[in-house]
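*Asks:*
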Amino acid sequence: MNYDQIINELELKRKSVLKAIMISALVTLGVVLISLLFGDVTYTVGAFIVAVIVSVIICEPKSKAYKNQFKNEFMPMMLKEFDEGINYNYKEGLSESITNSSKLFKRPDRYKTEDLLYGKIDGVDFKCADVNMEEKHVRRDKDGKTHTSYTTIFHGRWFIFEFNKEFNGLIQVREGGSPNLPWFGSEYKVKRTKLEDIEFNKRFNTFSSDQHEAFYVLTPSLMERMKELERANPGHIYFSFIKNQLHVALYNNKDTFEPPLFKPFDRQIIEEQMRDLELIKDIVHELKLNIKIFKKD
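Residue numbering for the sequence shown follows our numbering, starting at 18 and increasing by one per position.
#1: What are the start and end residues of the alpha helix (DSSP H) that includes S52?
#2: With distance defined between alpha-carbon atoms, name the residue in D21, V190, K120 nearest to L235.
#3: Less than 8 Å between the CB atoms is what I'm expecting for I23 and M92, so what's the real figure, rounded?
#4: What span of residues does the alpha helix (DSSP H) with T116 cover, start to end?
#5: Taking R220 as part of the beta strand (DSSP E), name the residues at either end of that continuous run.
#6: Determine the direct distance from the alpha carbon of F99 to that of H172, and round the result to whole angstroms.
#7: Beta carbon of D132, beta carbon of G102: below 8 Å?
#8: I need the DSSP call for Y107, collapsed to helix, strand or coil.
#9: Shortest alpha-carbon distance to M240 belongs to which of A266, I259, I215, Q228?
#10: Excluding sequence positions up to five away, which residues of its chain have a Cβ less than 8 Å from the Cβ of Y205?
#11: Among K260, Y128, Y167, which residue has its Cα nearest to the Cα of F184?
#12: Keeping to the same chain, check which residues put their C-beta closer than 7 Å to that of V207; ignore five residues upstream and five downstream.
#13: Could you please give me the residues that DSSP links to R209 through a beta bridge?
#14: If I'm right that L278 touches L35 with Cβ under 8 Å, what's the distance once you round it to whole angstroms?
#15: From the DSSP output, read off the bridge partner residues of F143.
#16: Out of H302, T165, E77, point me to the one whose CA is closest to R157's CA.
#17: Would you be able to state if there are at least three C-beta pairs under 8 Å between the segment 60-78 and the segment 35-52?
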């Protein structure tokens with residue numbers, strides 16, 4: 018099957034899902050209006066619940082078929098064109114333990130991850146996935162009832178690049194104005210680090226457990242490239258140099274590699290998905306992760 022065939026099939030499935038949603042919404046609205054005219058409030062609530070359940074039963078199989086074909090057929094085809102050395106598993110992601118090891122955020126109470134990509138770019142091993150971290154909040158009202166809610170710690174794309182050289186201690190670079198405070202744990206004694214680049218210090222907050230290592234790793238050219246990467250990507254960006262890894266976390270409230278619903282599935286979708294993939298190469302190339310400081314002496 019070629020691109021044009023799979024695009025046509027996915028566009029038909031997209032329209033089918035959209036049609037099912039619109040019909041279900043109209044039926045639900047009609048049921049509620051009729052029940053309001055001829056029934057009491059209890060009947061209206063019951064009718065609404067039944068209508069919603071029926072709508073889900075109608076829409077879910079179509080939506081699932083659309084998403085599955087996108088993930089199982091379209092994505093592998095696009096990845097093969099992008100770089101045959103990259104592997105994809107939409108059901109897997111990054112383990113919670115490995116994202117926690119970055120020390121970028123506090124440990125979440127709820128964790129979700131999917132759309133794992135892994136492989137090698139220009140000799141640099143990498144893995145990345147969508148990650149959603151949430152913190153649980155429990156409160157009691159004046160009647161003694163318990164209410165539970167969740168707030169987002171991080172929602173976006175998480176990249177991990179692995180090297181054959183370990184960094185000394187921990188170096189963190191966090192975009193200024195970030196919604197979350199740093200969380201270093203008790204393992205590292207970390208201090209705020211001011212670097213020679215004044216603009217960099219305005220844009221980012223830098224923390225390190227070894228000041229000399231921070232100045233060695235964060236060279237003027239690397240800081241310039243980090244600024245370029247931040248400018249090119251909406252959202253908040255975080256960097257963590259720890260052990261033999263560089264974590265780059267892009268908090269943009271976006272789920273990547275999802276099929277569109279409210280716009281046509283056409284060649285433009287390929288371009289949009291390719292841009293998401295290009296971000297991996299952008300990080301490797303912009304930060305020049307294959308240069309000497311990331312290699313074993």
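We put the beta carbon where it would ideally sit given N, CA and C, even for glycine.
*Replies:* Reading it off the structure:
#1: By 1-based counting over the sequence shown, the position of residue 52 is 35. Segment 20-55, the alpha helix (DSSP H) holding S52.
#2: If you number the sequence shown from 1, residue 235 lands on position 218. Looking at the Cα atoms, V190 is the closest of the given residues.
#3: As a first step, residue 23 must be located in the sequence shown, where it is residue number 6. As a first step, residue 92 must be located in the sequence shown, where it is residue number 75. The pair is not a contact, with the Cβ atoms about 10 Å apart (cut-off 8 Å).
#4: Numbered from its first residue, the sequence shown carries residue 116 at position 99. Counting along the chain, the alpha helix (DSSP H) containing T116 begins and ends at 113-117.
#5: Along the sequence shown, one-based indexing puts residue 220 at 203. Careful: R220 lies outside any beta strand (DSSP E), inside the alpha helix (DSSP H) at 215-220.
#6: On the sequence shown, residue 172 is found 155 positions in, with the first residue counted as 1. On the sequence shown, residue 99 is found 82 positions in, with the first residue counted as 1. The alpha-carbon atoms of H172 and F99 are separated by roughly 25 Å.
#7: Taking the first residue of the sequence shown as 1, we reach residue 132 at position 115. Taking the first residue of the sequence shown as 1, we reach residue 102 at position 85. No, the Cβ-Cβ distance between D132 and G102 is not below 8 Å.
#8: In the sequence shown, residue 107 corresponds to position 90, counting from 1. In the structure shown, Y107 sits in coil (DSSP, three-state: anything other than H, G, I, E or B).
#9: For the purposes of this step, residue 240 is taken as the residue at position 223 of the sequence shown. Taking only the C-alpha atoms, the option nearest M240 is I215.
#10: On the sequence shown, position 188 is the one that residue 205 refers to. The answer, listed in chain order, is K120, G186, L187, S226.
#11: Residue mapping note: residue 184 aligns to position 167 of the sequence shown, counting from 1. Checked all of K260, Y128, Y167; the closest Cα to F184 is K260.
#12: On the sequence shown, position 190 is the one that residue 207 refers to. These residues qualify, in order along the chain: L187, F201, F224, S225, S226.
#13: Your numbering for residue 209 matches position 192 in the sequence shown. According to DSSP, which records beta bridges pairwise, R209 is partnered with F224.
#14: Position 261 of the sequence shown, counted from the start, is the residue given in the question as residue 278. Position 18 of the sequence shown, counted from the start, is the residue given in the question as residue 35. The pair is a contact, with the Cβ atoms about 6 Å apart (cut-off 8 Å).
#15: By 1-based counting over the sequence shown, the position of residue 143 is 126. In DSSP, F143 forms a bridge with G136, F178.
#16: On the sequence shown, residue 157 is found 140 positions in, with the first residue counted as 1. Closest option to R157, Cα to Cα, is T165.
#17: yes
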